[in-house]
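Participant: Structure incoming, see below.
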Amino acid sequence: MLIDWFTVGAQALNFLILVWLMKRFLYKPVLDAIDAREARIAAAIADADGKTAEAAKEREEFQHKNEVFDQERAALVTQATDEANAERQRLLDDARQAADALSAKRMEMLKHEVHTLNQAIGRRTEREVFAIARQALTDLASTSLEARMADVFTRRLREMGGEVKAGLAEGLRSAPDPAIVRSAFDLPAELRADIQRALNETFSDDVRVRFETAPDLVSGIELTTNGHTVAWSIAEYLASLEKAVGELIKEPDHAQRA
Amino acid sequence: MRLSPDEIVFWHYGFLTLNATIVFTWGLMLVLAVGARLITRRLSMDLTRSRWQNLLEIIVTAVAQQIADVGLRPPEKYVGFLGTLFLFVAAASLCTVIPGYEPPTGSLSTTAALALCVLVAVPVFGIQEKGVGGYLKLYIKPTFIMLPFNIISEVSRTLALAVRLFGNMMSGAMIVAILLTITPFIFPIVMTALGLLTGMVQAYIFSILAAVYIASATRTRTRKAAQAPTT
Chain A
1471 MLIDWFTVGA
1481 QALNFLILVW
1491 LMKRFLYKPV
1501 LDAIDAREAR
1511 IAAAIADADG
1521 KTAEAAKERE
1531 EFQHKNEVFD
1541 QERAALVTQA
1551 TDEANAERQR
1561 LLDDARQAAD
1571 ALSAKRMEML
1581 KHEVHTLNQA
1591 IGRRTEREVF
1601 AIARQALTDL
1611 ASTSLEARMA
1621 DVFTRRLREM
1631 GGEVKAGLAE
1641 GLRSAPDPAI
1651 VRSAFDLPAE
1661 LRADIQRALN
1671 ETFSDDVRVR
1681 FETAPDLVSG
1691 IELTTNGHTV
1701 AWSIAEYLAS
1711 LEKAVGELIK
1721 EPDHAQRA
Chain B
255 MRLSPDEIVF
265 WHYGFLTLNA
275 TIVFTWGLML
285 VLAVGARLIT
295 RRLSMDLTRS
305 RWQNLLEIIV
315 TAVAQQIADV
325 GLRPPEKYVG
335 FLGTLFLFVA
345 AASLCTVIPG
355 YEPPTGSLST
365 TAALALCVLV
375 AVPVFGIQEK
385 GVGGYLKLYI
395 KPTFIMLPFN
405 IISEVSRTLA
415 LAVRLFGNMM
425 SGAMIVAILL
435 TITPFIFPIV
445 MTALGLLTGM
455 VQAYIFSILA
465 AVYIASATRT
475 RTRKAAQAPT
485 T
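Structure, rendered in structure tokens:
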């Protein structure tokens, strides 16, 4: 007999025990380990996916922030540049205006100084020249200064010619009033007669003359009639001196501007 | 001439008999259980794991995959029974390379016991899955007339299981034994190697057939669902 029923029963029992043993020691631990590993891998993948999504989100956010930041920075830079340009322009304008004002003021002051100096020089020169001339003439001549001046005036009248003489003759003829001879001092009668004579000789006519005293002439004699004038005075010399001095003062002024 | 290790009796007391079949079965059980215990004692849950653990995982997942392919789901529920069936038969065949070893599966008693286990397991799983009524209805399908044929089929296929495995294992051992007496050198080694292959194939056939029987008792309702993804 090939089948031993006791052995069949024993083997069936053995097999069932083996099934239990294998379940207990093999399948359950191995399947549990596989499940745990798969769960762990799934968790890791999910975690990685989550992190990837999060990273993508953060990257997007970061890019967005970067763009916003760039835009803001560009706007700020533009604004700052504009403001700086405007400020620079304003400062330049201010500086230019200030420089112009300063320059104008300086020019004004210079002009004023020149004018003041001219006046001072003129006055001083007039005084000095008058004093020197008077002193010199007084010292050198036996005649008085007034006599010399009248002498010079009469010589001038006689030496006068051309347009000036014609204009003066026209003035003397057309004037309703007598011609005025002004002097810085009261002329003596003989000097007045000399002048009247010289006039009569020069213009071949009986010239009507009225003598006046004008202290502003400083020293000298002046003939005025209907807008025409012939004169000799210290003031005249002073005027030419003033002009020369003025030229001298202008020259350094030009040099300074250049 | 010995046809079965049942005939090697170590101890006998009345009804109780301690023969080579039982003793070698115990040995196999010990090796399998202790080996499994040793390997699974320090299982790694991480991505790195030992080679033995890899081997066990390959075996277990391959068995589970085969069960799932047959249509039994979830495979974890059946892997204990069917996997042990395969491992026991495979181990019994593999150990034939050990001199003096007699495969317990070369005994008709053992194969009959395994076939009886399958015979019992089929209704057990079937009733678990479909209930008593649902399972019993399978015997009168497609018509009531088929009831005796279904019962005959149930018994005959169990008998076929037992005899097929026994015949293969016994013949393998027998051929090697005969060859050893005729040509003691080289040729028996080739036949032993062939016997190993045959044993593995038999282990596969036995467990797959058991899986198919169980599946036929459990998956009637899920057949359409199982076929749907393949079409």
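In order, the protein sequences belong to chains A and B.
If you read the first sequence in the working numbering, its first letter stands for residue 1471, the second for the next number, and so on.
If you read the second sequence in the working numbering, its first letter stands for residue 255, the second for the next number, and so on.
Even glycine gets a Cβ: it sits at the ideal position worked out from N, Cα and C.
1. What residue does the alpha helix (DSSP H) around R303 of chain B start on, and which one ends it?
2. Please identify the residue among B:S410, B:A431, B:N273 and B:K331 whose C-alpha is closest to the C-alpha of P353 of chain B.
3. Where does the unbroken alpha helix (DSSP H) through T338 of chain B begin, and where does it stop?
4. With a CB to CB cut of under 7 Å and the five nearest residues on each side skipped, what residues in its chain are close to T484 of chain B?
5. Between F1476 of chain A and chain C, is any beta-carbon pair separated by less than 8 Å?
6. Quick check on the burial criterion: 16 or more other C-beta atoms within 10 angstroms. Buried or exposed for G1479 of chain A?
7. For the stretch 298 to 310 of chain B, which residues have a beta carbon sitting closer than 9 Å to at least one beta carbon of chain A?
8. For C349 of chain B, which residues in chain A fall below 7 Å Cβ to Cβ?
9. Roughly how many whole angstroms lie between the Cα atoms of G337 of chain B and E261 of chain B?
10. Would you call the stretch 1482 to 1490 of chain A and the stretch 365 to 379 of chain B touching, i.e. three or more CB-CB distances under 8 Å?
11. Using a C-beta to C-beta distance shorter than 8 Å, which residues of chain B count as neighbours of K1535 of chain A?
12. Taking 8 Å as the cut-off, decide whether the C-beta atoms of P358 of chain B and L286 of chain B are in contact.
13. Which residues of chain A have a Cβ atom closer than 8 Å to the Cβ of I276 of chain B, listed in chain order?
14. Express the C-alpha separation of Q1589 of chain A and D1647 of chain A in angstroms, rounding to a whole number.
15. Between the Cα of E1706 of chain A and the Cα atoms of A:L1496, A:G1592, A:R1625 and A:A1525, which residue gives the shortest distance?
16. Against chain B, which members of the stretch 1494 to 1507 of chain A pass a CB distance test of less than 7 Å?
17. Quick one: is I440 of chain B buried, meaning 16 or more other Cβ sit within 10 Å of its Cβ, or exposed?
18. Quick check: what's the CA-CA separation for A1714 of chain A versus T1595 of chain A?
19. Our contact map puts T446 of chain B next to T350 of chain B with C-beta atoms below 8 Å; I'd like the distance itself, whole angstroms only.
20. Name, in chain order, the residues that DSSP records as bridge partners for L1693 of chain A.
21. When we look at the beta-carbon of A479 of chain B and count the other beta-carbons within 10 Å, is it buried (16 or more) or exposed?
22. Grab the span of the alpha helix (DSSP H) containing L419 of chain B for me, first residue to last.
23. For a cutoff of 8 Å on Cβ pairs, would you count K478 of chain B as touching chain A?
24. In terms of DSSP beta bridges, what is R1680 of chain A paired with?
25. Going along chain A in order, which residues have a C-beta closer than 7 Å to the C-beta of E330 of chain B?
26. Straight-line CA distance for R1618 of chain A to S1653 of chain A?
27. Which chain B residues are close to L1472 of chain A, counting only those with a beta carbon under 7 Å from its beta carbon?
28. Within the continuous beta strand (DSSP E) that includes V351 of chain B, where are the two ends?
29. Any beta-carbon of chain A closer than 8 Å to the one on R418 of chain B?
30. Could you check the C-alpha separation between L257 of chain B and S425 of chain B for me, to the nearest Å?
31. With a threshold of 8 Å, are at least 3 pairs of Cβ atoms found where one atom belongs to the stretch 338 to 345 of chain B and the other to the stretch 1531 to 1548 of chain A?
32. Using the Cα positions of L1587 of chain A and W1702 of chain A, report the straight-line distance between them to the nearest angstrom.
33. Does the contact criterion of 3 or more C-beta pairs under 8 Å hold for the stretch 1514 to 1533 of chain A versus the stretch 312 to 327 of chain B?
34. What do you reckon, are the CB atoms on A1620 of chain A and I1665 of chain A nearer than 8 Å?
35. Under 7 Å Cβ to Cβ from R1662 of chain A, same chain only, skipping five residues before and after it: list those, please.
36. Closest by CA to L1486 of chain A, which one among B:T279, B:P442, B:V263 and B:N422?
Facilitator: Concretely, from the data shown:
1. For this step, residue 303 of chain B is matched to residue 49 along the second sequence. Run containing R303 of chain B: none; DSSP gives neither H nor E here.
2. Numbered from 1 along the second sequence, position 99 holds the residue referred to as residue 353 of chain B. Comparing Cα positions, the closest option is B:A431.
3. Here residue 338 of chain B refers to the residue found at position 84 when the second sequence is read from its first residue. From DSSP, the alpha helix (DSSP H) with T338 of chain B extends over P329 to L348.
4. Taking the first residue of the second sequence as 1, we reach residue 484 of chain B at position 230. Bear in mind that the predicted position of T484 of chain B carries a pLDDT of just 43, short of 50, making it too unreliable to give a figure here.
5. The structure shown has no chain C; the protein chains it does contain are A and B.
6. Position 9 of the first sequence, counted from the first residue, corresponds to residue 1479 of chain A. By the neighbour-count rule (16 or more Cβ atoms within 10 Å), G1479 of chain A is not buried but exposed.
7. S298, M299, D300, L301, R303, Q307 and L310
8. The count along the second sequence starts at 1 and reaches residue 349 of chain B at position 95. Those do not exist, as C349 of chain B stays about 14 Å from chain A at its closest Cβ, beyond 7 Å.
9. The count along the second sequence starts at 1 and reaches residue 337 of chain B at position 83. The count along the second sequence starts at 1 and reaches residue 261 of chain B at position 7. Cα-Cα distance, rounded: 29 Å.
10. yes
11. Position 65 of the first sequence, counted from the first residue, corresponds to residue 1535 of chain A. Chain B residues near K1535 of chain A: none, gap ~38 Å exceeds 8 Å.
12. Within the second sequence, residue 358 of chain B is the residue found at index 104, counting from 1. Within the second sequence, residue 286 of chain B is the residue found at index 32, counting from 1. Going by C-beta atoms, P358 of chain B is not nearer than 8 Å to L286 of chain B.
13. Locating residue 276 of chain B in the second sequence gives position 22, where the first residue counts as 1. Result: T1477, A1480, Q1481 and N1484.
14. In the first sequence, residue 1647 of chain A corresponds to position 177, counting from 1. In the first sequence, residue 1589 of chain A corresponds to position 119, counting from 1. So the two alpha carbons sit approximately 35 Å from each other.
15. As a first step, residue 1706 of chain A is located in the first sequence; it is residue number 236 there, counting from the start. It is A:G1592.
16. F1495, L1496, Y1497, P1499, V1500, L1501, A1503, I1504, A1506 and R1507
17. Within the second sequence, residue 440 of chain B is the residue found at index 186, counting from 1. Classification for I440 of chain B: exposed.
18. On the first sequence, position 244 is the one that residue 1714 of chain A refers to. On the first sequence, position 125 is the one that residue 1595 of chain A refers to. Each residue's Cα considered, the two are about 12 Å apart.
19. In the second sequence, residue 446 of chain B corresponds to position 192, counting from 1. In the second sequence, residue 350 of chain B corresponds to position 96, counting from 1. With a Cβ gap of about 7 Å, T446 of chain B and T350 of chain B count as contacting.
20. Counted from its first residue, the first sequence places residue 1693 of chain A at position 223. Beta-bridge pairing links L1693 of chain A to A:V1651 and A:V1700.
21. Indexing the second sequence from 1 puts residue 479 of chain B at position 225. A caution first: A479 of chain B carries a pLDDT of 47, below 50, which makes its placement in the model too unreliable to give a value.
22. For this step, residue 419 of chain B is matched to residue 165 along the second sequence. Per DSSP, L419 of chain B belongs to the alpha helix (DSSP H) from L401 to I436.
23. Along the second sequence, one-based indexing puts residue 478 of chain B at 224. Note that K478 of chain B has pLDDT 47, beneath the 50 cutoff, so the model's placement of it is unreliable and no number is given.
24. Numbered from 1 along the first sequence, position 210 holds the residue referred to as residue 1680 of chain A. Answer is A:I1650, bridged to R1680 of chain A.
25. Numbered from its first residue, the second sequence carries residue 330 of chain B at position 76. The contacting residues are L1501.
26. Numbered from its first residue, the first sequence carries residue 1618 of chain A at position 148. Numbered from its first residue, the first sequence carries residue 1653 of chain A at position 183. Computed Cα separation, rounded: 13 Å.
27. On the first sequence, residue 1472 of chain A is found 2 positions in, with the first residue counted as 1. What L1472 of chain A touches in chain B: L257, S258 and L362.
28. For the purposes of this step, residue 351 of chain B is taken as residue 97 along the second sequence, with counting starting at 1. Unbroken run through V351 of chain B: none, as it is neither H nor E.
29. Sequence index remark: in the second sequence, residue 418 of chain B carries index 164 (1-based). Taking Cβ atoms only, chain A never reaches closer than 8 Å to R418 of chain B, which makes this a no.
30. Translated into the one-based positions of the second sequence, residue 257 of chain B becomes position 3. Translated into the one-based positions of the second sequence, residue 425 of chain B becomes position 171. For L257 of chain B and S425 of chain B, the distance between alpha carbons rounds to 9 Å.
31. no
32. In the first sequence, residue 1587 of chain A corresponds to position 117, counting from 1. In the first sequence, residue 1702 of chain A corresponds to position 232, counting from 1. Rounded to the nearest angstrom, the two C-alpha atoms are 26 Å apart.
33. no
34. Sequence index remark: in the first sequence, residue 1620 of chain A carries index 150 (1-based). Sequence index remark: in the first sequence, residue 1665 of chain A carries index 195 (1-based). Their beta carbons are under 8 Å apart, which means A1620 of chain A touches I1665 of chain A by this criterion.
35. The residue you call residue 1662 of chain A lines up with position 192 of the first sequence. Excluding residues within five positions, the ones whose Cβ falls inside 7 Å are F1681.
36. What you label residue 1486 of chain A is simply residue 16 of the first sequence in a count that begins at 1. It is B:T279.
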